[in-house]
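These notes concern the structure reproduced below.
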Amino acid sequence: MDISELRARHPDHWMRACSLRVLAMDAVQKANSGHPGMPMGMADVATVLFGRHLKFDAKAPFWPDRDRFVLSAGHGSMLLYGLLYLTGYEDMTLDELRNFRQLGSKTAGHPEYGHAAGIETTTGPLGQGLANAVGMAMAEQALQARFGRKIVDHHTWVIAGDGCLMEGVSHEAIRPAGKQKPPNLIVFSDNNGISIDGKV
Numbered sequence: 715m716d717i718s719e720l721r722a723r724h725p726d727h728w729m730r731a732c733s734l735r736v737l738a739m740d741a742v743q744k745a746n747s748g749h750p751g752m753p754m755g756m757a758d759v760a761t762v763l764f765g766r767h768l769k770f771d772a773k774a775p776f777w778p779d780r781d782r783f784v785l786s787a788g789h790g791s792m793l794l795y796g797l798l799y800l801t802g803y804e805d806m807t808l809d810e811l812r813n814f815r816q817l818g819s820k821t822a823g824h825p826e827y828g829h830a831a832g833i834e835t836t837t838g839p840l841g842q843g844l845a846n847a848v849g850m851a852m853a854e855q856a857l858q859a860r861f862g863r864k865i866v867d868h869h870t871w872v873i874a875g876d877g878c879l880m881e882g883v884s885h886e887a888i889r890p891a892g893k894q895k896p897p898n899l900i901v902f903s904d905n906n907g908i909s910i911d912g913k914v
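Using the numbering used here, read the sequence shown as starting at 715 and increasing by one per residue.
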């Protein structure tokens, strides 16, 4: 893979992904606290997801048929906050990013539901977001069966890290998902081979 060639072929994507990385670096550095690795490593995936695949409207953040994005690896919260800022969510301002991990800010160390539009669920404990996402996907299936695909046709997208997949709660959620096979659940595994304790 030639990075120079990819950058030349996709300059808009490259700039958005780099902007996301810089926002994450700066916020973590300023707070002197946080996890920059996951936002740095998943910036390209997240930029393509939000730019080309995720169905949402930043001006109507509670639109019922929007896709849901769950950052199960919530410690990488600057990835989500940066995406919300770059895609135009009014709740997520540059000042909020500057207040990352500060008491009373919308940008807590882990995303918290209700703090800002675009945060679909609270993801603190590893694996919790994946479990919530399975529930969201199954709920969408039930709604689709009741109201039809013309009314209910959204997806639930998840980024889960190595740590998420090591936790029992994720195993307990994956089992019914494997049985139900919700076609609207898409899980990205950030399989970077490291955790806070060292190599996986």
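Even for Gly, the Cβ is constructed at its ideal location relative to N, Cα and C.
What you are looking at is a predicted structure, and each value in this text was computed from that prediction instead of being measured.
Local conformation of residue i per DSSP, three classes
{"i": "residue 877", "result": "helix"}
{"i": "residue 866", "result": "coil"}
{"i": "residue 908", "result": "strand"}
{"i": "residue 768", "result": "coil"}
{"i": "residue 742", "result": "helix"}
{"i": "residue 893", "result": "helix"}
Separation of residue j from residue i, as counted between CA atoms
{"i": "residue 782", "j": "residue 809", "result": "25 Å"}
{"i": "residue 873", "j": "residue 789", "result": "12 Å"}
{"i": "residue 796", "j": "residue 721", "result": "21 Å"}
{"i": "residue 747", "j": "residue 815", "result": "7 Å"}
{"i": "residue 868", "j": "residue 903", "result": "20 Å"}
{"i": "residue 831", "j": "residue 719", "result": "36 Å"}
{"i": "residue 877", "j": "residue 773", "result": "33 Å"}
{"i": "residue 912", "j": "residue 906", "result": "11 Å"}
Bridge partners - residue i, DSSP secondary structure assignment
{"i": "residue 902", "result": "873"}
{"i": "residue 785", "result": "873"}
Anticipated Cβ contact below 8 Å, residue i with residue j, distance rounded
{"i": "residue 735", "j": "residue 753", "result": "7 Å"}
{"i": "residue 824", "j": "residue 765", "result": "At roughly 25 Å, the Cβ-Cβ gap does not stay under 8 Å, so residue 824 and residue 765 are not in contact."}
Contact the region 875-888 vs the region 843-856: 3+ CB pairs below 8 Å: yes
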